[in-house]
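Counted the way numbering that gives the first Met the number 0 counts, the sequence shown spans residues 0 to 533.
Structure record follows, encoded as structure tokens.
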Amino acid sequence: MNPGITDKEKQNLFDSIFENIYQVFLKIDLLTGDGVTLAAKDSAWKASTGMRFNFEKIIYTYILDVSADADPMKTLNELKLENVSARLQESPVYEVYNTVHGKEGHLRVCGFTFFRGDGDIIYLGIRDATGGFNDVNAHIRKLERALQKADKESDEKNTFLTLLSRNVRTPLYSIMGLTRAAESDLGSNTAFDDYLHKVSMSGTYMNETINDVLDLRRISRNEIVLKEEEIYLKPFFEEIQRMIAPSMYEKGLIFRMNTENVSDLTVMADHHCLQQIQLKLLQSAINYTIQGGRIDLDVRELFRTQEMVTLEFSVRDRGIVIDQERLKVLFQPYDYLKSKIDSHIGSLDIDLIILKSYVRAMGTDTLTAESDASRGTRISVTLTVPLADEQYEERPDSQEMDFSGKRVLVVDDNEINLEIVRKILYSRNIEVVSAKNGQEAVDLFRRENGRYDLILMDILMPVMDGLEATRKIRAMRDIPGAAHVPIIAMTANAFRENFEESFNAGMDAHLVKPIEPERLIMVMSDVMGRREQV
């Protein structure tokens with residue numbers, strides 16, 4: 000025999016729940032709409048204990064009297080018996096919350112909890128729910144403080160990485176620049192030539208390593224944000240060829256590039272992202288191609304509409320063969336690859352992790368690899384990108400532009416950097432004026448009445464940084480050309496947000512040190528040409 004729960008036990012349980020949780024407890028008949036107060040601590044309800052009343056009429060008066068909500072009618076609609084009945088069909092418990100004016104003017108949260116009874120009978124407990132909400136709010140505030148702390152720590156790390164990048168790149172730029180200058184002055188008939196070349200290549204490798212570290216940092220934080228830019232593919236691939244040529248030459252590789260099928264196209268894509276895809280495709284091939292081998296880059300158009308074009312970028316080499324098992328793990332993290340791949344391709348992983356991440360960022364996973372003894376290894380990427388509204392005719396190479404007589408203001412607080420830039424510009428018959436901080440640049444620009452064809456501006460400098468100097472120059476309404484003089488950032492700041500800061504300040508381009516002379520001349524030609532068109 001199951002004794003169950005006695006009436007006395009039920010009464011004790013009710014008294015305990017009421018004493019510890021509720022201020023008011025009502026019994027409501029859904030058929031008649033009548034309510035009865037079973038128990039109450041609140042003086043406003045206590046007088047009606049045991050009395051029958053119209054529930055919706057009484058609750059209407061109560062809510063309008065104590066509610067602190069901007070829209071009490073919303074709460075009243077939620078408390079209508081028709082709505083309550085429908086909700087209790089879905090769940091045995093239905094809750095409504097309303098902010099009310101408490102004693103001494105303090106705001107409180109009032110909770111209305113409805114329970115299903117027998118037949119058409121339901122029960123309502125009214126309680127002060129402020130404590131629970133305070134606990135939740137306290138937890139939310141704790142989480143917000145933790146988030147703010149994490150954001151602050153992240154910002155501090157970003158600042159540290161920016162400064163670290165600058166502190167490494169600045170001397171690296173000096174080493175590479177002075178090495179090129181020494182090679183140019185000494186010629187190839189000296190015993191120093193070979194040493195200088197090796198120093199230059201080591202500097203290039205170090206710079207690529209820094210770029211890889213920064214790229215991996217962006218990838219790990221999901222910070223690859225694409226910026227749609229107009230890219231004319233002919234000069235784009237000419238630049239790729241110039242950038243990869245030293246690595247090919249150093250390893251004694253034969254390099255062929257076929258882009259004739261797409262060279263006249265102008266597309267809309269993120270320049271850095273598309274450039275990294277090409278460079279990592281080629282660098283991965285260099286990593287596992289033996290000395291004296293051959294590497295081919297083929298770019299072809301697969302499909303085109305009036306608005307979009309699908310392009311395939313493929314790199315084929317005649318290096319070592321990668322077996323099918325290795326191909327499956329080709330794009331996995333370094334720790335996994337380390338135990339799978341021999342020393343011939345030990346650095347392949349970093350290039351391909353970055354490659355895979357940039358391909359995904361551009362909205363596709365179409366990255367394939369195949370390898371056999373007869374044809375070597377081929378890695379390909381397929382991308383669909385928008386066509387630019389205007390397709391341009393072939394443009395002259397930047398090196399063909401005549402810079403003779405042009406006047407350039409170079410702003411940098413590092414004397415060695417100034418010396419390197421002067422040498423590059425002097426070789427183009429350019430007149431060079433220099434300043435060592437942003438304030439000097441602003442003063443010179445005003446004193447000379449803006450008589451400069453272009454400004455090369457460092458960012459992190461004492462007295463006044465390059466961003467502020469650019470904003471002040473752009474704001475000189477009384478100086479002719481101040482709004483249009485080309486300004487190029489030349490800085491060690493390499494994060495994506497640094498590019499945005501430069502453009503937002505009014506700069507036309509952002510170059511990251513160390514800068515290849517050919518790259519500098521090409522960008523100078525491009526921005527000066529665009530300004531002349533304006």
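Note that CB positions come from ideal geometry on N, CA and C, so glycine has one too.
Note that the structure is a prediction, hence the values are computed from the model and not measured.
The stretch 406–414 makes contact with the stretch 431–451, as at least three CB pairs between them are under 8 Å.
Going by beta carbons, GLY480 and GLY528 fall outside the 7 Å limit.
Relative to the Cα of ASP452, the nearest Cα in the group ASN286, ARG377, GLU418 and ASP401 belongs to ASP401. The alpha-carbon of GLY251 is positioned some 43 Å away from that of ASP464. By the neighbour-count definition (other C-beta atoms within 10 Å, threshold 16), THR74 is a buried residue.
DSSP places GLY437 inside the alpha helix (DSSP H), whose first and last residues are 437–446. A direct Cα-Cα distance of roughly 16 Å separates ARG374 from ARG255. Here DSSP, grouped into helix, strand and coil, assigns ASP70 to coil.
Beta-bridge analysis with DSSP links CYS109 to ASN97 and ASP127.
The shortest CA-to-CA distance from ILE243 to any of ILE285, PRO485 and MET307 is the one to ILE285.
Its Cα nearest to that of ASP127, the residue PHE111 stands out among ASN497, GLY116, GLY118 and PHE111.
Setting aside the 5 residues that flank it on each side, GLU467 is surrounded in the same chain by GLY437, each with a C-beta closer than 7 Å to its C-beta; the list follows chain order. When Cβ pairs closer than 8 Å are counted between the two stretches, the stretch 232–247 is seen to touch the stretch 270–282, the count reaching three or more.
Around the beta carbon of LEU232, a 10 Å sphere encloses 16 or more other beta carbons of the protein chains shown; the residue is thus reported as buried. Membership of MET267 in the beta strand (DSSP E) is indicated by the continuous run 265–268. Distance from the CA atom of MET361 to the CA atom of GLU228, rounded to whole angstroms, is 13 Å. When rounded, the separation of the alpha-carbon atoms in GLU499 and ASN492 is 11 Å. Taking 8 Å as the upper bound for CB-CB distance, ILE125 and LYS26 are not in contact here, some 13 Å apart. Under the DSSP definition of a beta bridge, MET307 partners with PRO385.
Listed in chain order, the non-local C-beta contacts of ASP41 below 8 Å within the same chain comprise GLN22, VAL23 and ILE125, local neighbours out to five positions each way being set aside. The shortest C-alpha to C-alpha distance from ILE62 to any of THR36, VAL99 and ASN257 is the one to VAL99. In this structure, the straight-line span from the alpha carbon of VAL35 to that of TYR122 is close to 10 Å.
The alpha-carbon separation between SER90 and ASP117 amounts to approximately 14 Å. Note that the C-beta distance between TYR93 and LEU87 is below 7 Å. Assigned with DSSP and collapsed to three states, VAL65 falls in helix. The DSSP assignment places 486–490 as complete runs of the beta strand (DSSP E) inside the stretch 484–510, in order along the chain (cut-off: 3 residues). Non-local C-beta neighbours of VAL358 in its own chain, meaning closer than 8 Å and more than five positions away in sequence, comprise ILE276, ASP364, THR365, LEU366, VAL380 and LEU382, ordered along the chain.
The Cβ neighbour count for TYR287, taken over all protein chains shown within 10 Å, is at least 16; the residue is labelled buried. The beta carbon of LEU424 lies closer than 7 Å to those of VAL407 and VAL431 in the same chain, with the five residues before and after it left out. Residue nearest to ILE230 within the set LYS79, ASP263 and PHE502 is ASP263 (criterion: CA-CA distance).
Sixteen is the threshold: since fewer than 16 other Cβ atoms of the shown chains lie within 10 Å of the Cβ of ASP388, the residue is exposed.
Taken through DSSP and simplified to helix, strand or coil, ALA38 comes out as strand.
Under the three-state reduction of DSSP, ILE378 is assigned to strand. The continuous alpha helix (DSSP H) containing SER246 extends over residues 232–249. Distance from the CA of LYS512 to the CA of LEU106, rounded to the nearest whole angstrom, comes to 59 Å.
Sequence-distant partners of PRO485 (beyond 5 residues in either direction) whose C-beta falls short of 6 Å from its own C-beta, in its chain, are LEU453, ASP507, VAL526, MET527 and ARG530.
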